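Peer 1: Submitted below is the structure of interest, expressed as structure tokens.
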Amino acid sequence: MIKRNQPVLLERVNKMRQATNVGEYQEYQGFSGLLKAIEMDKEAILDELDLAHLRGRGGAAFPLGKKWRHLYGAKGDTKYIVCNADEGEPGTFKDKVLLKHDPLSVIEGMVIAGYLFSAKAGYIYMRGEYLGIQKIFQEALDNAEKAGFLGENILGIPGFNYNITIISGAGAYVCGENSALLNSIEGKTGRPRVKPPHLADVGLYLQPTLVNNVESFAGIPVILREGGQAYRDLGTEDGGGTKLICLSGHIKNRGLYEVNLGTSLQDILYSEEYGGGTSTGRPLKFIHFGGQSGPIGAVQNLEDCIYSYEGLWDKDLSIGSGAIVVMDDQVSIVDYLVQVAAFFAHESCGKCTPCRLGTTRILELLTKFNNQTAVVGDLERLEKMLMHVTNLSACGLGQSVANPMKSGLAYFPEEFEAGIREAVTPVKGGLW
1 MIKRNQPVLL ERVNKMRQAT NVGEYQEYQG FSGLLKAIEM DKEAILDELD
51 LAHLRGRGGA AFPLGKKWRH LYGAKGDTKY IVCNADEGEP GTFKDKVLLK
101 HDPLSVIEGM VIAGYLFSAK AGYIYMRGEY LGIQKIFQEA LDNAEKAGFL
151 GENILGIPGF NYNITIISGA GAYVCGENSA LLNSIEGKTG RPRVKPPHLA
201 DVGLYLQPTL VNNVESFAGI PVILREGGQA YRDLGTEDGG GTKLICLSGH
251 IKNRGLYEVN LGTSLQDILY SEEYGGGTST GRPLKFIHFG GQSGPIGAVQ
301 NLEDCIYSYE GLWDKDLSIG SGAIVVMDDQ VSIVDYLVQV AAFFAHESCG
351 KCTPCRLGTT RILELLTKFN NQTAVVGDLE RLEKMLMHVT NLSACGLGQS
401 VANPMKSGLA YFPEEFEAGI REAVTPVKGG LW
């Protein structure tokens, strides 16, 4: 029986001598979730996923059980399973660790999905910069096939034929958006699709498709092995399980940690088990949650914050990808946001005008505040630009640009106002 404060996703990391070895993986309860799944009624599998209340770990936090049940009911003889391993959020490196040090857990989760949906093909879209990790993952796939967990008639079950193919991305952040990712797999330009239709109905090659994050797939074997209620009890009522978090910035113990949802944010930041306080010895000023597209919180407002979905939502924050970037009181919020805006302007795919031009104009305005060359009215222009880009952009990239900007402006308005130069009195008359 699993207990709180017991790692379930990192339980094998740095313990296995060879992460791709199937026999060693099984010594740590590997593939026991799959073995249990094939003995269950498929509706019972969906019931366990609903009970576990695993929210998608890619950032959107949509209940995984609902997504899987939608695909299960979708019409079509051909269904595809896709793992989104295009980890592009700055400050996020959790998927990298799982792919490198526990690839078989991700494979097991994808095989369980293949069994449930009678899929013949699975794809993992992996970040192009993870070239070395792709080789490790391919070795794990080869070993899983040799052991009978992939390929033809898996585990001796007639007709259970399923393979997983690695697709290497080309470094486009927008391909982390699920529909852009599917376009890229198909060999098209990696740009988002217009939705609806939902990808569970019209996805890869226009067939019903499941797309989940690396961490989400790694959690599936745990749920089936231990039971949905046991998994839910690791977290909170509004989001079960544990969460991988990435601590970086001005924090002493930078790195990847697994925490139970419901853990105090103060413990994450200051306890020696996790963050250990500031690396500079100076007071913390703000925290950027969930990657570049996530909101920013002022530290003085987070003393009673609980790290859970509902706990952060109550503070107008979000877990997102699990990134926690910590900055001390020497950092200018405007200077920080200039770097964030530069990232979005660079990564916009250019498909829609509001995002293509809007991200550039936001960067220009923020640069004016940072250089103290902004003029009266620029704050209003910035706020309107953020609203337009949010409401008119085609996909989540443009729609989330305003999250860090608006929260930074709300908590530290004086730093923006300091960037507005005083009105220059016009010179009357002239030499002419």
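Residue numbers (UniProt numbering): 1 to 432.
Backbone N, C-alpha and C define an ideal beta-carbon position, used for all residues, glycine too.
Just so it is clear, the structure is predicted and the values come from calculations on it, not from any experiment.
Closest to residue 222 by CA distance: which of 411, 17, 134 and 34 is it?
Peer 2: Ranking the options by Cα distance to residue 222, first place goes to 34.
Peer 1: Return yes when the Cβ of residue 204 is within less than 8 Å of the Cβ of residue 182, no when it is not.
Peer 2: Going by C-beta atoms, residue 182 is nearer than 8 Å to residue 204.
Peer 1: Please return the same chain residues whose Cβ sits closer than 8 Å to the Cβ of residue 427, not counting the five positions on each side in sequence.
Peer 2: With a pLDDT of 47 at residue 427, under the threshold of 50, the modelled position of this residue cannot be trusted; read the value that follows with caution. Around residue 427: no qualifying Cβ.
Peer 1: For residue 208, which of 61, 73 and 330 has the nearest alpha-carbon?
Peer 2: It is 73.
Peer 1: Residue 213 lies in the alpha helix (DSSP H); which residues open and close that run?
Peer 2: No alpha helix (DSSP H) contains residue 213, which is instead part of the beta strand (DSSP E) from 209 to 213.
Peer 1: Helix, strand or coil: which one does DSSP assign to residue 242?
Peer 2: Strand, per DSSP.
Peer 1: Within 8 Å, do at least three Cβ pairs link the segment 332 to 351 to the segment 223 to 236?
Peer 2: No, the segment 223 to 236 does not touch the segment 332 to 351.
Peer 1: What is the rounded straight-line gap between the Cα of residue 49 and the Cα of residue 212?
Peer 2: The alpha-carbon atoms of residue 49 and residue 212 are separated by roughly 14 Å.
Peer 1: From the DSSP output, in three-state form, read off residue 81 for me.
Peer 2: Note: residue 81 maps to strand in three-state DSSP.
Peer 1: If contacts are defined as beta-carbon pairs under 8 Å, then residue 21 and residue 143 qualify, I think. What distance do you get, rounded to the angstrom?
Peer 2: Indeed they touch by this definition, with Cβ atoms about 7 Å apart.
Peer 1: On a CA-only basis, which of 214, 188 and 153 is nearest residue 103? Give me that one, please.
Peer 2: Among 214, 188 and 153, the Cα nearest to that of residue 103 belongs to 214.
Peer 1: Residues in the same chain with beta-carbon distance under 8 Å from residue 153, minus the five sequence neighbours each way, listed in chain order, please.
Peer 2: Only 159, 160 and 161 meet the Cβ criterion.
Peer 1: Just mark residue 86 as buried or exposed, buried being the case when its beta carbon has 16 or more other beta carbons within 10 Å.
Peer 2: Label assigned to residue 86: buried.
Peer 1: Could you give the residue range of the alpha helix (DSSP H) that holds residue 147?
Peer 2: Residue 147 -> no alpha helix (DSSP H), and no H or E assigned at all.
Peer 1: How about residue 282 and residue 316: are their beta carbons less than 8 Å apart?
Peer 2: No.
Peer 1: Name the DSSP beta bridge partners of residue 323, please?
Peer 2: 246.
Peer 1: For the segment 107 to 183, which segments carrying the beta strand (DSSP E) assignment without a break, of at least 3 residues, lie completely within its bounds, in sequence order?
Peer 2: You should have 121 to 126 and 163 to 168.
Peer 1: Given a threshold of 16 other Cβ atoms within 10 Å of its Cβ, counted over all protein chains shown, does residue 196 qualify as buried or as exposed?
Peer 2: Result: exposed.
Peer 1: Any idea what DSSP makes of residue 373, helix, strand or coil?
Peer 2: In the structure shown, residue 373 sits in coil (DSSP, three-state: anything other than H, G, I, E or B).
Peer 1: Using only the alpha-carbon positions, how far apart do residue 58 and residue 216 sit?
Peer 2: Rounded to the nearest angstrom, the two C-alpha atoms are 8 Å apart.
Peer 1: Are the CB atoms of residue 136 and residue 79 within a distance shorter than 8 Å?
Peer 2: Contact: no.
Peer 1: Determine whether the beta carbon atoms of residue 98 and residue 106 lie at a separation below 8 Å.
Peer 2: It is a contact, given that the beta carbons lie within the stated cut-off.
Peer 1: When DSSP labels each residue in this structure, what does residue 390 get in the three-state scheme?
Peer 2: Helix at residue 390.
Peer 1: Between the Cα of residue 199 and the Cα atoms of 114, 54, 81 and 310, which residue gives the shortest distance?
Peer 2: Nearest C-alpha to residue 199: 81.
Peer 1: Does the Cβ of residue 68 have 16 or more other Cβ atoms within 10 Å, making it buried, or fewer, making it exposed?
Peer 2: The residue in question, residue 68, is buried, as its Cβ has 16 or more Cβ neighbours within 10 Å.
Peer 1: Just the Cα atoms here: how many angstroms apart are residue 41 and residue 275?
Peer 2: Between residue 41 and residue 275, the C-alpha separation is close to 43 Å.
Peer 1: Classify residue 5 as buried or exposed, calling it buried when 16 or more other Cβ atoms lie within 10 Å of its own Cβ.
Peer 2: That one is exposed.
Peer 1: Check whether the Cβ atoms of residue 190 and residue 202 lie closer than 8 Å to each other.
Peer 2: For residue 190 and residue 202, no; Cβs fall outside 8 Å.
Peer 1: On a Cα-Cα basis, can you pick out the residue from 63, 157 and 120 that is closest to residue 39?
Peer 2: If we check each option's Cα against that of residue 39, 157 comes out closest.
Peer 1: Considering only residues of the same chain and omitting the five flanking positions on each side of residue 295, which have a CB-CB separation below 7 Å?
Peer 2: Cβ within range, chain order: 289, 316, 317, 318, 403, 404 and 407.
Peer 1: With DSSP run on the structure shown, which of helix, strand or coil describes residue 89?
Peer 2: DSSP places residue 89 in coil when its eight states are reduced to three.
Peer 1: Please report the residue range of the beta strand (DSSP E) in which residue 60 lies.
Peer 2: Per DSSP, residue 60 belongs to no beta strand (DSSP E) and is neither H nor E.
Peer 1: Leaving aside the five residues before and after residue 94 along the sequence, list all residues of the same chain whose C-beta is less than 7 Å from its C-beta, in chain order.
Peer 2: So the list reads 215, 244, 246, 256 and 322, once near-sequence residues are dropped.
Peer 1: Measure the C-alpha to C-alpha separation of residue 424 and residue 169 and round it to an integer number of angstroms.
Peer 2: At residue 424 the pLDDT is 47, less than 50, meaning the model places this residue with poor confidence; the figure from the coordinates comes in the next sentence. Going by the C-alpha atoms only, they are around 51 Å apart.
Peer 1: Per DSSP, residue 288 forms a beta bridge with which residues?
Peer 2: BP columns for residue 288 point to 296 and 325.
Peer 1: If we ignore side chains and look at the alpha-carbon of each, how far apart do residue 242 and residue 307 end up?
Peer 2: Taking the straight line joining both Cα atoms gives about 11 Å.
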